[in-house]
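Undergrad: This structure is in structure tokens; I'll ask about it shortly.
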Amino acid sequence: MTTTLPVSAAAHAHGHGGGVAPEVVVVGVAVIAIACYTSGVAASRRRGRPWPVHRLVLWIAGVVAATATMVGPLAAAAHEGFVAHMWAHLLAGMLAPLLLVLSAPVTLALRTLEVVPARRVSRVLRSGPARFVAHPITAAALNVGGLWLLYATPLFAWMQASMLVHVAVHVHLLAAGFLFTAAVVGIGPRPHPPSRVLVAVVLMLAMAAHGILAKHLWASPPALVDPADARAGAELMYTAGAWIEAAIAALFCAQWYRASGRRLRRTSPAPAASPVPTP
Amino acid sequence: MASDTQQAPTRAHPSWSARAEHSHRIVWSGVLFGVGLVAFVDEAVFHQILHWHHFYDLGTSDLGLVSDGLFHALSWFATIAGLFLLADLRRRGAWHGARWAGGVLLGAGGFQLYDGTVQHKLLGIHEIRSVDDLLPYDVVWNATAAAMLAAGIALVVATRRSRALARAAP
Chain D
1 MTTTLPVSAA
11 AHAHGHGGGV
21 APEVVVVGVA
31 VIAIACYTSG
41 VAASRRRGRP
51 WPVHRLVLWI
61 AGVVAATATM
71 VGPLAAAAHE
81 GFVAHMWAHL
91 LAGMLAPLLL
101 VLSAPVTLAL
111 RTLEVVPARR
121 VSRVLRSGPA
131 RFVAHPITAA
141 ALNVGGLWLL
151 YATPLFAWMQ
161 ASMLVHVAVH
171 VHLLAAGFLF
181 TAAVVGIGPR
191 PHPPSRVLVA
201 VVLMLAMAAH
211 GILAKHLWAS
221 PPALVDPADA
231 RAGAELMYTA
241 GAWIEAAIAA
251 LFCAQWYRAS
261 GRRLRRTSPA
271 PAASPVPTP
Chain V
1001 MASDTQQAPT
1011 RAHPSWSARA
1021 EHSHRIVWSG
1031 VLFGVGLVAF
1041 VDEAVFHQIL
1051 HWHHFYDLGT
1061 SDLGLVSDGL
1071 FHALSWFATI
1081 AGLFLLADLR
1091 RRGAWHGARW
1101 AGGVLLGAGG
1111 FQLYDGTVQH
1121 KLLGIHEIRS
1131 VDDLLPYDVV
1141 WNATAAAMLA
1151 AGIALVVATR
1161 RSRALARAAP
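If you're matching them up, the sequences are chains D and V in order. Residue numbering for the first sequence follows our numbering, beginning at 1 and increasing consecutively. Residue numbering for the second sequence follows our numbering, beginning at 1001 and increasing consecutively.
Laid out in structure tokens, this is it:
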């Protein structure tokens, strides 16, 4: 801890001009996020529609994972080493979004809000701009484009120097990751779902872009990063990233499998009831 | 989700008509799984155990890097999608082991041949092993690939008769 103190002190000096420290804001947002979700779960139960406990656990885990990339020991270590930075990147951009999407916060909000605000939320979600941003292609472009900006421009150096830029970058990673994950394995009704083949192609291209960027990083590390550290971080990005992407791909296929099973059941109510003789 | 009331059956009785109806899907499921399988063997055996292949070789061209990235993503996705397709075939009573195995050989052989010719030679990602005399390695690698491909084609063609059987079936 003692080695990280000067860094966070320097970050403070850069980060705020007399206002509240960014860390306090981040922790405050996290606490509010967990409190809102919990009160939603309680409201849903009061109305006789219990909300699955595992989704509450997923939400808390997602909020904690996202917060850990901006505040605390991991965030401090991420300023020092590239491997720790890569853990923060994987948490903020991939794992936390997956946990948050699987906790279905929008479904919970629509279920528990009063009629007027709920209508307002669903109107915003159905609006043109929201649909544009949530489209798999836009979401993937925001996601991958942000990563290339981070590692191929001086943005990475600015982020290491300023706590405010650090938080801003991680908020972007989290938001873009959430949009993309929701576009691929989002839970809940969607008025205009994109075709599954399109989503599969976009997911595969995004996975490829992530892997290519990892190998590019291995060969040409960002400025001021020790090459050996950068290589270890790049290999982590490649392997750990592939596992999280595999989990998303498996969820995507499972949702497709389940949906086609429902279709199968509708079209042929009892396929097993009329066995055809096998040779 | 798991307590969904309209759960679909997980397995239907196999029938030749279902196999014939999903004849292409059986092969595709195998091909996807085969591509993933050969990529997994490449990663596990040649990268992790033998250390013949490396994470990155400095001679790699940009095009080689893109091709490698695309096939890495494809192989992960293909393994998962191929297995879900397999589950779907069982659910529809269309599972046909020999035809599926033909698809696996087709996918594995085709991908290994692409890796051994286009990726190693044309795009120069890396060689099979960093030694002076590469010829024996290249011959074994590509001959294995060609043999798998040929066996896959033979099996897929041989099992096409499932369509004829379906027509003959009552």
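Backbone N, C-alpha and C fix where the C-beta goes; we use that ideal spot for every residue, glycine too. Note that the structure is predicted; figures quoted are calculated from it, not measured.
Of all Cβ atoms in chain V, is any one closer than 8 Å to the Cβ of S103(D)?
TA: What you label residue 103(D) is simply residue 103 of the first sequence in a count that begins at 1. With 8 Å as the cut-off, S103(D) does not count as an interface residue toward chain V.
Undergrad: Across the region 73-83 of chain D and the region 171-180 of chain D, are there enough close Cβ pairs to call them in contact, namely three or more that are closer than 8 Å?
TA: no
Undergrad: Check whether the Cβ atoms of A98(D) and I248(D) lie closer than 8 Å to each other.
TA: Here residue 98(D) refers to the residue found at position 98 of the first sequence. Here residue 248(D) refers to the residue found at position 248 of the first sequence. A quick correction: the sequence has Leu, not Ala, at residue 98(D). Contact flag set, yes.
Undergrad: Would you say R1099(V) faces chain D, with C-beta separation under 8 Å as the test?
TA: For the purposes of this step, residue 1099(V) is taken as residue 99 along the second sequence, with counting starting at 1. Not an interface residue.
Undergrad: Given the structure, does L1086(V) come close to the ligand ADP, in the sense that its CB is under 7 Å from one of the ligand's heavy atoms?
TA: This structure simply doesn't include the ligand ADP, nor any ligand for that matter.
Undergrad: Under the three-state reduction of DSSP, which class applies to A273(D): helix, strand or coil?
TA: Here residue 273(D) is taken as the residue at index 273 of the first sequence, counted from 1. Low confidence applies to A273(D): its pLDDT is 44, below 50, so where it sits in the model is not reliable, and the reading given next is rough at best. In the three-state DSSP reduction, A273(D) falls in the helix class (H, G or I).
Undergrad: Does any CB atom of chain V fall closer than 8 Å to the CB of G62(D)?
TA: Counting from 1 along the first sequence, the entry for residue 62(D) is found at position 62. Not an interface residue.
Undergrad: I need the straight-line Cα distance from W59(D) to A139(D), nearest angstrom please.
TA: As a working note, residue 59(D) is residue 59 in the first sequence. As a working note, residue 139(D) is residue 139 in the first sequence. Near 21 Å, if we compare the C-alpha coordinates of A139(D) and W59(D).
Undergrad: Can you list, in chain order, the stretches of the alpha helix (DSSP H) that have 4 or more residues and sit fully within the region 24-112 of chain D?
TA: 53-68, 73-80, 82-90, 96-102 and 105-112
Undergrad: Assign P129(D) to one of three DSSP states: helix, strand, or coil.
TA: Sequence index remark: in the first sequence, residue 129(D) carries index 129 (1-based). P129(D): helix per DSSP, three-state reduction.
Undergrad: Which ranges would you report for the alpha helix (DSSP H) in the region 1069-1143 of chain V if only whole runs of at least 4 residues count?
TA: Counting only unbroken stretches of 4 or more residues, the alpha helix (DSSP H) elements lying wholly within the region 1069-1143 of chain V are 1097-1114, in sequence order.
Undergrad: Consult DSSP for W1052(V) and reduce its assignment to one of helix, strand or coil.
TA: Numbered from its first residue, the second sequence carries residue 1052(V) at position 52. Coil, per DSSP.
Undergrad: Does the structure place the region 107-127 of chain D close enough to the region 40-51 of chain D that three or more beta carbon pairs sit under 8 Å?
TA: yes
Undergrad: Using a Cβ-Cβ distance under 8 Å, would S122(D) count as near chain V?
TA: Here residue 122(D) is taken as the residue at index 122 of the first sequence, counted from 1. It does not; no Cβ of chain V falls within 8 Å.
Undergrad: So which of L155(D), P194(D) and V106(D) has the shortest CA-CA distance to C36(D)?
TA: In the first sequence, the residue the question calls residue 36(D) occupies position 36. Measuring from the Cα of C36(D), the nearest candidate turns out to be V106(D).
Undergrad: Scan the region 193-204 of chain D for residues whose Cβ lies nearer than 9 Å to a Cβ of chain V and list them as they occur along the chain.
TA: Under the 9 Å Cβ criterion, the region 193-204 of chain D contributes A200, L203 and M204.
Undergrad: Does R1092(V) pass the burial test, meaning 16 or more other C-beta atoms within 10 Å, or should it be called exposed?
TA: In the second sequence, residue 1092(V) corresponds to position 92, counting from 1. With 16 or more Cβ atoms within 10 Å of its Cβ, R1092(V) is classed as buried.
Undergrad: With 16 as the cutoff for other CB atoms within 10 Å, does R295(D) come out buried or exposed?
TA: Absent from the structure is residue 295(D), since the part of chain D shown begins at 1 and ends at 279.
Undergrad: Measure how close the beta-carbons of G1152(V) and G1103(V) come, nearest whole angstrom, since I'm counting them as under 8 Å.
TA: Numbered from 1 along the second sequence, position 152 holds the residue referred to as residue 1152(V). Numbered from 1 along the second sequence, position 103 holds the residue referred to as residue 1103(V). Confirmed, about 7 Å.
Undergrad: State buried or exposed for R1019(V), treating a residue as buried only when at least 16 other CB atoms are found within 10 Å of its CB.
TA: Residue mapping note: residue 1019(V) aligns to position 19 of the second sequence, counting from 1. The residue is buried, with at least 16 neighbouring Cβ atoms inside 10 Å.
Undergrad: For A214(D), which of L1037(V), A1073(V) and L1106(V) has the nearest alpha-carbon?
TA: Numbered from 1 along the first sequence, position 214 holds the residue referred to as residue 214(D). Minimum Cα distance to A214(D) is reached at A1073(V).
Undergrad: With 8 Å as the threshold, decide whether the Cβ of Q1006(V) is near any Cβ in chain D.
TA: Against the second sequence, residue 1006(V) aligns to sequence position 6. Because the pLDDT at Q1006(V) is just 47, under 50, the model does not fix this residue reliably, and the value given afterwards should be weighed accordingly. Chain D contact via Cβ: present.
Undergrad: Once DSSP output is grouped into helix, strand and coil, what is the label at H1022(V)?
TA: Looking up residue 1022(V) in the second sequence gives position 22. Correct three-state label for H1022(V): coil.
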